[in-house]
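K.L.:
Number of protein chains: 2
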Amino acid sequence: MNDLANAPDLVSDSDEPKTLAETAYRQLRRDIIEGVHRPGDKLRVEHLKDQYEVGAGTLREALQLLVTDALVVAQGQRGFRVAPMSLDDFADITRTRVLLETSALQQSIELGDDAWEASVVAAFHMLSRAEDKLADGSKASREEWEMRNRAFHEALIGACPSRWIRHFQNILYHQSERYRRLSLFRQPIPRDVHAEHQAIVDAALARNGAEATRILSEHILRTLEAVRQLPADFIN
Amino acid sequence: MNDLANAPDLVSDSDEPKTLAETAYRQLRRDIIEGVHRPGDKLRVEHLKDQYEVGAGTLREALQLLVTDALVVAQGQRGFRVAPMSLDDFADITRTRVLLETSALQQSIELGDDAWEASVVAAFHMLSRAEDKLADGSKASREEWEMRNRAFHEALIGACPSRWIRHFQNILYHQSERYRRLSLFRQPIPRDVHAEHQAIVDAALARNGAEATRILSEHILRTLEAVRQLPADFIN
DNA sequence: TCAATAACTTTTCTCGAGATTTTTGTCTAT
DNA sequence: ATAGACAAAAATCTCGAGAAAAGTTATTGA
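Sequence lines, in order, name chains A and B.
Following our numbering, the numbering of the first sequence begins with 137 at its first residue and continues without gaps.
Following our numbering, the numbering of the second sequence begins with 137 at its first residue and continues without gaps.
(1) Under DSSP, the alpha helix (DSSP H) around Ala-227 (chain A) begins and ends at which residues?
(2) Quick one: what's got a C-beta closer than 7 Å to Ala-335 (chain B)'s C-beta in the same chain, skipping five residues either side?
(3) Name the residue from B:Gln-311, B:Ala-346, B:His-333 and B:Glu-361 whose alpha carbon lies nearest to the alpha carbon of Arg-233 (chain B).
(4) Taking CB distances under 8 Å as the criterion, tell me whether Ser-264 (chain B) reaches chain A.
(5) I'd like to know whether the C-beta atoms of Leu-357 (chain B) and Ile-301 (chain B) end up nearer to each other than 8 Å.
(6) Considering Cα atoms alone, identify which of A:Val-329, A:Cys-296, A:Ala-160 and A:Arg-286 is closest to Leu-199 (chain A).
(7) Could you work out which residues of chain A lie near Thr-232 (chain B), taking near to mean beta carbons separated by less than 7 Å?
(8) Note down the Cα distance separating Glu-158 (chain B) from Ser-222 (chain B), rounded to an integer number of angstroms.
(9) Let me know if Asp-186 (chain A) comes out buried or exposed under the rule of 16 or more other beta-carbons within 10 Å of its beta-carbon.
(10) CA-CA distance, His-330 (chain B) and Ile-169 (chain A)?
(11) Can you list, in chain order, the residues of its chain with a C-beta nearer than 8 Å to that of Asp-272 (chain B)? Leave out the 5 residues immediately preceding and following it.
(12) Hey, how far is the Cα of Tyr-315 (chain B) from the Cα of Phe-226 (chain B)?
(13) Buried or exposed: which applies to Ala-266 (chain A), given that a residue is buried once 16 or more other Cβ atoms fall within 10 Å of its Cβ?
(14) Assuming Gln-242 (chain B) contacts Gly-345 (chain B) under a Cβ cut-off of 8 Å, what Cβ separation, rounded to an integer in Å, is found between them?
(15) For Lys-178 (chain A), which beta-bridge partners are listed by DSSP?
(16) Using only the heavy atoms of the ligand FMN, determine whether one of them is closer than 7 Å to the beta carbon of Asp-272 (chain A).
(17) Cβ closer than 7 Å: which chain B residues qualify as neighbours of Asp-228 (chain A)?
(18) How about Thr-349 (chain B): is its C-beta nearer than 8 Å to some C-beta of chain A?
(19) Would a C-beta distance cut-off of 8 Å place Leu-341 (chain B) and Glu-282 (chain B) closer than the cut-off?
(20) Using the Cβ count rule (16 or more neighbours within 10 Å means buried), how would you classify Met-137 (chain A)?
(21) Do you know how far the Cα of Ala-192 (chain B) is from the Cα of Glu-182 (chain B)?
(22) Cutting at 8 Å between CB atoms, please list the residues of its own chain near Arg-364 (chain A), excluding the five before and the five after it.
(23) Alpha carbons only, please: which of A:Ser-319, A:Gly-215, A:Val-172 and A:Thr-230 is nearest the one belonging to Tyr-309 (chain A)?
(24) Should Leu-195 (chain B) and Leu-184 (chain B) be called a contact, given that it needs their Cβ atoms to be closer than 8 Å?
(25) Of all Cβ atoms in chain B, is any one closer than 8 Å to the Cβ of Phe-304 (chain A)?
(26) Please report the residue range of the alpha helix (DSSP H) in which Ala-198 (chain A) lies.
(27) Can you tell which of A:Ile-293, A:Arg-278 and A:Val-218 has its C-alpha closest to the C-alpha of Val-257 (chain A)?
(28) Considering Ala-271 (chain B), what are the terminal residues of the alpha helix (DSSP H) in which it resides?
(29) When the Cα of Ala-219 (chain A) is compared with those of A:Gln-213, A:Glu-246, A:Arg-174 and A:Glu-189, which residue comes out closest?
(30) DSSP on Ala-342 (chain B), reduced to helix/strand/coil?
(31) Could you name the residues of chain A that Lys-185 (chain B) contacts, counting a contact when the two beta carbons are closer than 7 Å?
(32) Report yes or no: is there a C-beta of chain B within less than 8 Å of the C-beta of Glu-197 (chain A)?
(33) For Glu-158 (chain A), go through chain B and note every residue whose CB falls closer than 7 Å to its CB, in chain order.
(34) Along chain A, which residues have their Cβ under 9 Å away from the Cβ of Lys-269 (chain B)?
(35) Assuming the contact rule is C-beta atoms closer than 8 Å, Leu-164 (chain A) and Phe-216 (chain A) should be a hit. Round their C-beta distance to whole Å, please.
(36) Which of the three DSSP states, helix, strand or coil, is assigned to Ala-295 (chain A)?
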């Protein structure tokens with residue numbers, strides 16, 4: 137029996153990139169999430185290898201890594217494309233996220249120790265500070281808010297012992313990030329996100345799993361509604 | 137808005153392999169699932185490229201594809217390894233499978249049409265025939281049973297509209313296949329699997345979601361118990 | 001004018017060799 | 001005898017060029 141208690145994640149994400157392929161992978165991933173390469177675009181190796189300053193085989197590996205995240209689709213013998221976006225897809229992503237993330241939060245609340253509580257409070261504090269800065273309208277802090285929002289959601293489910301749920305949740309979070317950028321750019325702070333986060337933290341620390349998962353569900357689903365109210369052709 | 141109703145799967149699996157890399161990928165996947173390459177083994181490119189008769193870069197791509205399935209883990213600058221196996225990991229896989237597969241089955245039962253019912257009945261019939269042959273103890277039919285068992289489980293959730301749930305379920309099924317082989321080789325037919333399948337089909341066709349998901353949960357979890365009762369060192 | 005075929009261009013896929021990094025083995029000094 | 005450091009070996013990672021396939025344009029015949 138292997139020791140799996142402190143096993144590493146299924147795909148390392150927090151580590152520094154140690155290979156050129158991984159560096160190109162991260163740049164490409166950011167460019168796809170930010171919309172530099174638009175959904176459905178063809179990703180030609182010959183063109184991109186110059187842009188990202190790596191060899192053809194290396195860029196190919198980077199693209200393969202993006203297939204794992206389902207940000208790129210590969211059709212045999214016909215190259216790579218940026219994964220398409222659609223409202224149906226986002227609805228699917230969101231609902232699946234709710235399914236996984238509520239289950240993970242429930243387990244976290246049941247199993248989390250003092251250190252977990254502390255990490256949740258800390259992540260919430262960091263996120264709150266970022267929201268303060270965001271109110272000023274600084275552009276650089278938007279990137280920071282994204283990272284801390286992600287860290288907050290990860291902290292919430294940090295005590296969930298299931299590596300698989302966390303792995304899948306990680307993939308879905310990347311996916312939804314693409315869509316969330318659409319809605320947040322248009323409506324800077326449309327809803328009281330802070331209050332929602334606060335309510336989740338309160339319920340979680342009170343070990344009220346039912347309440348915490350209920351609020352989290354609504355919180356996630358609200359982003360779906362926000363995207364639904366965008367102009368119909370904006371998603372393409 | 138893109139049409140996503142009949143969109144292709146996230147990773148094509150049923151299609152024929154159109155590239156050498158994909159051919160090598162399938163061979164490697166089978167060898168890993170069947171235990172030719174054991175958990176934790178190092179997968180040296182220089183050694184394997186001769187064995188699978190492809191170039192180094194091509195085999196590298198095949199390994200990258202296996203990382204997507206989490207059957208292989210890649211550590212930057214330190215090569216590839218067969219993903220380790222452990223009882224904790226299998227418990228995690230199984231519980232996550234239950235979470236996803238019951239949700240998918242519930243939706244299938246709610247949304248499935250006549251064609252879905254027919255595909256379930258057909259897959260169940262194929263599986264039953266394979267079980268008849270398996271009773272004779274033929275070796276070739278074991279492979280067949282695996283394929284049809286998989287097809288049966290896929291048919292059950294075939295009417296679930298969530299591509300993401302089906303995608304994740306697909307990955308987990310491959311994973312659990314590695315473990316299931318351990319238990320089924322030792323105890324040819326330890327439990328009345330046929331009756332369990334029959335009960336699921338009956339409840340599904342009766343549109344009794346609660347009953348169907350309950351039986352499916354127990355059905356999946358029973359495999360976990362079977363593996364738990366193996367000799368402790370057998371899993372390594 | 002339109003459809004089908006053929007030649008051409010672009011792109012993907014594949015391979016082997018060279019440069020870095022990790023691992024292994026040996027030797028020396030405390 | 002053990003620990004540390006240096007050197008040799010193995011493996012990984014990277015690159016550019018050649019082969020196969022897909023996509024595009026031009027030509028020919030009805």
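Where a beta carbon is used, it is the ideal one built from N, C-alpha and C, also for glycine.
P.N.:
Reading it off the structure:
(1) 223-247
(2) Ile-351.
(3) With distances taken between Cα atoms, Arg-233 (chain B) lies closest to B:Gln-311.
(4) For Ser-264 (chain B), the closest Cβ of chain A is not nearer than 8 Å.
(5) no
(6) The candidate whose alpha carbon is nearest that of Leu-199 (chain A) is A:Ala-160.
(7) Near Thr-232 (chain B) (Cβ distances below 7 Å), the residues of chain A are Ser-298, Trp-300 and Ile-301.
(8) 28 Å
(9) exposed
(10) 47 Å
(11) none
(12) If you take the alpha carbons of Tyr-315 (chain B) and Phe-226 (chain B), they lie about 7 Å apart.
(13) buried
(14) So it is a contact: roughly 5 Å between Cβ atoms.
(15) A:Arg-217
(16) Ligands are entirely absent from the displayed structure, and the ligand FMN is therefore not among its contents.
(17) Ser-298, Arg-299 and Trp-300
(18) So, not an interface residue.
(19) no
(20) Since pLDDT at Met-137 (chain A) reaches only 38, below the 50 mark, its modelled position is unreliable, and the value read off the structure follows with that caveat. Per the 10 Å Cβ criterion, exposed.
(21) 7 Å
(22) Same-chain partners within the cutoff: Leu-223.
(23) A:Thr-230
(24) yes
(25) yes
(26) Following the DSSP letters along the chain, one finds Ala-198 (chain A) inside the alpha helix (DSSP H) bounded by residues 192-204.
(27) Of the listed residues, the one whose Cα sits closest to Val-257 (chain A) is A:Ile-293.
(28) 250-271
(29) Among A:Gln-213, A:Glu-246, A:Arg-174 and A:Glu-189, the Cα nearest to that of Ala-219 (chain A) is on A:Arg-174.
(30) Here Ala-342 (chain B) sits in coil by DSSP.
(31) Here the premise fails: no neighbours, minimum Cβ distance about 14 Å.
(32) yes
(33) Gly-212
(34) None at all; the shortest Cβ gap to chain A is about 33 Å.
(35) No, Leu-164 (chain A) and Phe-216 (chain A) are not in contact; Cβ-Cβ is about 10 Å, not under 8 Å.
(36) coil
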